[in-house]
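Report on the structure given below.
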Amino acid sequence: MANVLLLRTPSHGQEDRYHTTFAGAGYHAISVPVLETISTNLSTLKDIIKNGPRTEDVDGVIMTSARSCEVWKSAVGDLVIDSSVGKGLNFPNPLHLPYALVLADSWTSTPFYVVGQATASSLDEVRQTYGQTPFSPEVICGGSSGTGERLAQFILGLPVKPKRLLYLTGDKNRETIPSMLGEAGIELRSLKVYETQGSRTFETDLEQALSQGNTGFVNPLRVH
19 MANVLLLRTP SHGQEDRYHT TFAGAGYHAI SVPVLETIST NLSTLKDIIK NGPRTEDVDG
79 VIMTSARSCE VWKSAVGDLV IDSSVGKGLN FPNPLHLPYA LVLADSWTST PFYVVGQATA
139 SSLDEVRQTY GQTPFSPEVI CGGSSGTGER LAQFILGLPV KPKRLLYLTG DKNRETIPSM
199 LGEAGIELRS LKVYETQGSR TFETDLEQAL SQGNTGFVNP LRVH
């Protein structure tokens, strides 16, 4: 079976349609990522999460991609593992309230506004992985919206509009959400939590792919 080299990031956790397509045509597809996504400002995000929405003065969180959800999950994982925080039980509680009341004023009860079901599912993995902690989102809204514009319209259509939202972004963002919400008087606190860069292992991965014998190159953008 001849090899076909695809310069792209393969799908993880689900069927890769490119690999399936080429396998059906009698080829073995090899995907080599050219780019990689890395987390940024993780320590800042962990501080925000640990402080809680009241201390940070936000009424909700906006996430427009599964990647931002993965960064939140990573931050929560660090907090849960951290011996000084334990399972989130040391969430700020100066009045020593019952844990149920602490959860009622935490990220658990804070609305998270997401674009699409894929983002909603990715965010729900935080609770599935770490259980009920003050850091685990449970109020996930806007899953039926497929674009930033529709999500902004959803937020603007709420009976009680938020005053200030935490907006987790990447390094490439459209101004649709900030513009629409800003015009309505909703303040956004933006934090870049991921960015795209050239893959640090590209040369090694490419050499390994080419060493597998007769390999042809195909532009994935032309595969339909």
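Position one of the sequence shown corresponds to residue 19 (our numbering), numbered consecutively onward. Glycine included, every Cβ here is placed at the ideal spot set by N, Cα and C. Since this is a predicted model, take the numbers as computed values, not measurements.
Identity of the residue in the options nearest residue i by Cα
{"i": "Y45", "options": "L24, L63, E54 and S29", "result": "L24"}
{"i": "P155", "options": "D142, I48 and L183", "result": "D142"}
{"i": "Y185", "options": "S83, T151 and A47", "result": "S83"}
{"i": "E74", "options": "I48, L97 and S124", "result": "S124"}
{"i": "L199", "options": "E33, V144 and A170", "result": "A170"}
{"i": "L228", "options": "S49, Y36 and T39", "result": "S49"}
{"i": "E221", "options": "P51, R192 and G161", "result": "P51"}
{"i": "P71", "options": "K190, N191 and T126", "result": "T126"}
{"i": "M81", "options": "V133, V22 and V178", "result": "V133"}
Local conformation of residue i per DSSP, three classes
{"i": "I158", "result": "strand"}
{"i": "T194", "result": "helix"}
{"i": "N111", "result": "Its pLDDT being 48, under 50, N111 is placed unreliably in this model, and the coordinates cannot settle the point."}
{"i": "I48", "result": "strand"}
{"i": "E205", "result": "strand"}
{"i": "K247", "result": "In the structure as shown, the chain starts at 19 and stops at 242, and residue 247 therefore has no counterpart that could be examined."}
{"i": "T147", "result": "helix"}
{"i": "T27", "result": "coil"}
{"i": "E221", "result": "helix"}
{"i": "G216", "result": "strand"}
{"i": "G231", "result": "coil"}
Beta-carbon gap between residue i and residue j smaller than 8 Å
{"i": "K210", "j": "T58", "result": "yes"}
{"i": "T187", "j": "S208", "result": "yes"}
{"i": "A202", "j": "L183", "result": "no"}
{"i": "T128", "j": "G78", "result": "yes"}
{"i": "V94", "j": "Y148", "result": "yes"}
Whole-number beta carbon distance between residue j and residue i, since they are thought to touch under 8 Å
{"i": "R85", "j": "T55", "result": "6 Å"}
{"i": "D96", "j": "K64", "result": "6 Å"}
{"i": "L53", "j": "T214", "result": "5 Å"}
{"i": "Y131", "j": "C87", "result": "Not quite, the Cβ-Cβ distance comes to about 12 Å (not below 8 Å), so this is no contact."}
{"i": "G166", "j": "Q135", "result": "Their Cβ separation, rounded to whole angstroms, is 15 Å, which puts G166 and Q135 out of contact at 8 Å."}
The alpha helix (DSSP H) enclosing residue i, as first and last residue numbers
{"i": "G78", "result": "That residue, G78, is in no alpha helix (DSSP H); its beta strand (DSSP E) goes G78 to M81."}
{"i": "I173", "result": "G166 to L174"}
{"i": "N21", "result": "Careful: N21 lies outside any alpha helix (DSSP H), inside the beta strand (DSSP E) at A20 to L24."}
{"i": "F130", "result": "Not the alpha helix (DSSP H): F130 falls in the beta strand (DSSP E), residues P129 to V132."}
{"i": "T73", "result": "P71 to E74"}
{"i": "W90", "result": "A84 to I99"}
Span of the beta strand (DSSP E) around residue i
{"i": "E54", "result": "L53 to S57"}
{"i": "T38", "result": "Premise fails: T38 lies in the alpha helix (DSSP H), R35 to G42, not in any beta strand (DSSP E)."}
{"i": "T187", "result": "R182 to T187"}
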